[in-house]
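Novice:
In the working numbering, the protein residues as written are 497 to 669.
1) Buried or exposed for residue 634, going by 16 or more other Cβ atoms inside 10 Å?
2) Assuming residue 656 contacts residue 593 (C-beta within less than 8 Å), just tell me the rounded distance between them.
3) Along the chain, where does the beta strand (DSSP E) containing residue 593 start, and where does it finish?
4) Given residue 532, which residues of its chain have a CB within under 8 Å of its CB, disregarding the five upstream and five downstream residues?
5) Report yes if the CB atom of residue 597 is closer than 7 Å to the CB atom of residue 660, and no otherwise.
6) Run through DSSP, which three-state label would residue 578 get?
7) Can you say whether residue 755 is buried or exposed, counting buried as having 16 or more other CB atoms within 10 angstroms of its CB?
8) Could you tell me if residue 623 is buried or exposed, where buried requires 16 or more neighbouring beta carbons within 10 angstroms of its beta carbon?
9) Please state whether DSSP places residue 654 in a helix, a strand or coil.
10) Less than 6 Å between C-beta atoms, sequence neighbours within five positions excluded: which residues of the same chain meet that for residue 558?
11) Helix, strand or coil: which one does DSSP assign to residue 542?
12) Would you decide whether residue 537 is buried or exposed? Buried here means 16 or more other CB atoms lie within 10 Å of its CB.
13) For my contact list, residue 663 and residue 500 are in at a C-beta cut-off of 8 Å; report their separation, rounded to the angstrom.
14) Is residue 558 helix, strand or coil by DSSP?
15) Can you tell me whether residue 658 is buried or exposed? The criterion is at least 16 other CB atoms within 10 Å of its CB, across all chains shown.
16) The alpha helix (DSSP H) spanning residue 647 covers which residue range?
Dropping the structure here:
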């Protein structure tokens, strides 16, 4: 199986550095195959057998190697392609980011998120991905990853649509 691993909140400042060459070496040392990374924001594509403990193994290895906890969100190649394809068309009339939810959200918490006023931003959850417009730019998002995490009670990591599409293209090569 081919997987996409998204590392949360790495390489954003002076701390929490995860060099991509080191990440590739670490993932390869875990027996993952064909490890490739995309840009410096903690995106990796690799092959592995079905393993329900994979996320936990990755997180433990990352913390041991880099000295701080790194939450990981995993998607299969099929799930990634769906997320890249299924962002609602009515949101794509402006800049979009995709927030990858690490775990399925509770419907009551989704309802609470719907109750928040984040205009002019618009959003929709498709599966375990929150597609969101960012009319005022990523730095000015009202519906930030922190707000999403606190409201939904699940870890989240955000990627812009260009990154999502680039990783989808990597899956086809």
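Here a beta-carbon is modelled for each residue, glycine too, at the ideal position from N, C-alpha and C.
Specialist: Concretely, from the data shown:
1) As a working mapping, residue 634 is identified with position 138 in the chain shown. Using a 10 angstroms sphere on the CB of residue 634, the tally of other CB atoms stays under 16, which defines it as exposed.
2) Working through the chain shown from its first residue, we reach residue 656 at position 160. Working through the chain shown from its first residue, we reach residue 593 at position 97. Confirmed, about 5 Å.
3) As a working mapping, residue 593 is identified with position 97 in the chain shown. Here the beta strand (DSSP E) through residue 593 covers 592-597.
4) Position 36 of the chain shown holds residue 532. Closer than 8 Å at Cβ, skipping near neighbours: 520, 540, 541, 542 and 666.
5) By one-based count along the chain shown, residue 597 stands at place 101. By one-based count along the chain shown, residue 660 stands at place 164. It is not a contact, given that the beta carbons lie outside the stated cut-off.
6) Within the chain shown, numbered from 1, the residue matching residue 578 stands at position 82. DSSP, read as helix, strand or coil, puts residue 578 in helix.
7) It is not possible to answer for residue 755, since the shown part of the chain is limited to 497 through 669.
8) On the chain shown, position 127 is the one that residue 623 refers to. It is exposed - the Cβ of residue 623 has fewer than 16 other Cβ atoms within 10 Å.
9) Walking along the chain shown from the start, residue 654 turns up at place 158. Of the three classes helix, strand and coil, the one that applies to residue 654 here is strand, per DSSP.
10) Position 62 of the chain shown, counted from the start, is the residue given in the question as residue 558. Take residue 558, set aside five residues on each side of it, and the residues of its chain with a beta-carbon closer than 6 Å to its own are 566, in chain order.
11) For the purposes of this step, residue 542 is identified with residue 46 of the chain shown, where counting begins at 1. In this structure, DSSP gives residue 542 an extended state, which the three-state scheme calls strand.
12) Reading the chain shown from its first residue, position 41 is the one you call residue 537. Under this definition residue 537 is a buried residue.
13) Residue mapping note: residue 663 aligns to position 167 of the chain shown, counting from 1. Residue mapping note: residue 500 aligns to position 4 of the chain shown, counting from 1. Indeed, because the Cβ distance is near 6 Å, the residues count as touching under 8 Å.
14) To locate residue 558, count along the chain shown from 1; it is residue 62. Three-state result, residue 558: helix.
15) As a working note, residue 658 is residue 162 in the chain shown. Exposed, since its Cβ has fewer than 16 Cβ neighbours within 10 Å.
16) Residue mapping note: residue 647 aligns to position 151 of the chain shown, counting from 1. First-last of the alpha helix (DSSP H) with residue 647: 641-648.
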